[in-house]
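Numbering (my numbering), first residue to last: 146 to 381.
Backbone N, C-alpha and C fix where the C-beta goes; we use that ideal spot for every residue, glycine too.
Taking it in order: structure first as structure tokens, then the write-up.
Here it is as structure tokens:
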């Protein structure tokens with residue numbers, strides 16, 4: 146409990162850097178979760194229509210868009226690692242005097258590293274909670290944004306939509322009595338369901354664990370280096 150109190154006091158004192166960590170965490174968590182959920186939407190749509198069609202171009206486009214999502218995910222994750230490494234380094238430089246004081250007061254290297262990790266993770270967890278609340282309260286808005294982003298992203302990457310059904314095939318979610326039904330017109334009832342809460346939070350939890358693990362690893366390495374330097378200075 147004492148360690149948490151010290152960490153909360155430090156987070157409160159260093160407001161700017163703590164705010165930066167929280168905002169970066171929430172932004173990239175939202176971005177990474179959105180990409181995984183876009184893959185879920187694409188996969189769900191493909192599983193419903195793949196058995197109805199025999200269009201090699203559509204199947205190829207599906208593979209392309211899934212590769213685009215995977216590439217975007219990796220790029221965003223790498224950007225997150227680079228940005229967090231920079232932010233953590235700046236944070237440790239700002240708190241270098243605090244680390245020196247801990248060493249002078251006789252605190253162990255293990256304590257210094259543990260405190261540093263806590264001070265980085267606390268604002269990050271607050272950012273994670275903020276995104277969790279948004280996804281719960283604004284689930285329909287989130288789904289709407291994903292459905293609007295999906296065709297724009299495909300178009301931006303040069304992946305054109307493929308008309309895999311003929312003009313004599315109508316897809317409807319609800320019957321339309323106004324449509325003239327010719328003899329050679331075929332109707333297909335297809336239900337495209339929205340994302341479930343479990344699907345959204347499955348992607349969310351995966352990204353949370355990944356980001357926290359990476360941040361802990363980066364902080365551990367950086368804090369070890371800073372703590373060793375302060376130990377050398379203290380000895381001299």
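- Under the 8 Å Cβ criterion, the stretch 272-279 counts as touching the stretch 166-178, having at least three qualifying pairs.
- Under a 10 Å Cβ-count criterion, residue 266 is classified as buried, with 16 or more other Cβ atoms of the shown protein chains found around its own Cβ.
- As summarised for the stretch 169-201, there are no continuous beta strand (DSSP E) elements at least 3 residues long confined to that stretch.
- The three-state reading of DSSP puts residue 221 in helix, counting H, G and I together.
- Taking a cut-off of 8 Å on C-beta distances, the stretch 150-164 does not touch the stretch 213-229, as fewer than three cross pairs fall below it.
- Under the three-state reduction of DSSP output, residue 283 falls in the coil class, being neither helix nor strand.
- For residue 157, the uninterrupted alpha helix (DSSP H) segment begins and ends at 147-158.
- C-alpha of residue 209 to C-alpha of residue 184: approximately 12 Å in a straight line.
- Residue state for residue 238 is assigned as helix, using DSSP reduced to three classes.
- C-alpha of residue 226 to C-alpha of residue 251: approximately 32 Å in a straight line.
- Check the Cα spacing between residue 345 and each of 234, 244, 179: the tightest is with 179.
- Taking 8 Å as the cut-off, the Cβ atoms of residue 241 and residue 371 count as close.
- Taken atom to atom, the span from the alpha-carbon of residue 245 to that of residue 355 is near 31 Å.
- Assigned with DSSP and collapsed to three states, residue 362 falls in helix.
- About 6 Å separates the CB atoms of residue 237 and residue 367; that is less than 8 Å, so the two are in contact.
- The beta-carbon separation of residue 364 and residue 233, rounded to 5 Å, stays under the 8 Å limit for a contact.
- Out of 146, 294, 286, the CA that lies nearest to the CA of residue 214 is found in 294.
- A residue is called buried once 16 or more other Cβ atoms fall within 10 Å of its Cβ, and residue 205, having fewer, is exposed.
- Sorting 262, 253, 301 by C-alpha distance to the C-alpha of residue 359 places 262 at the top.
- Non-local C-beta neighbours of residue 228 in its own chain, meaning closer than 7 Å and more than five positions away in sequence, comprise 169, ordered along the chain.
- In this structure, 177 is the residue among 286, 247, 177 with its C-alpha nearest to the C-alpha of residue 348.
- Proximity to residue 343 across 290, 289, 284 peaks at 284, based on C-alpha coordinates.
- Here residue 340 is actually not in contact with residue 235; their C-beta atoms are around 37 Å apart, not less than 8 Å.
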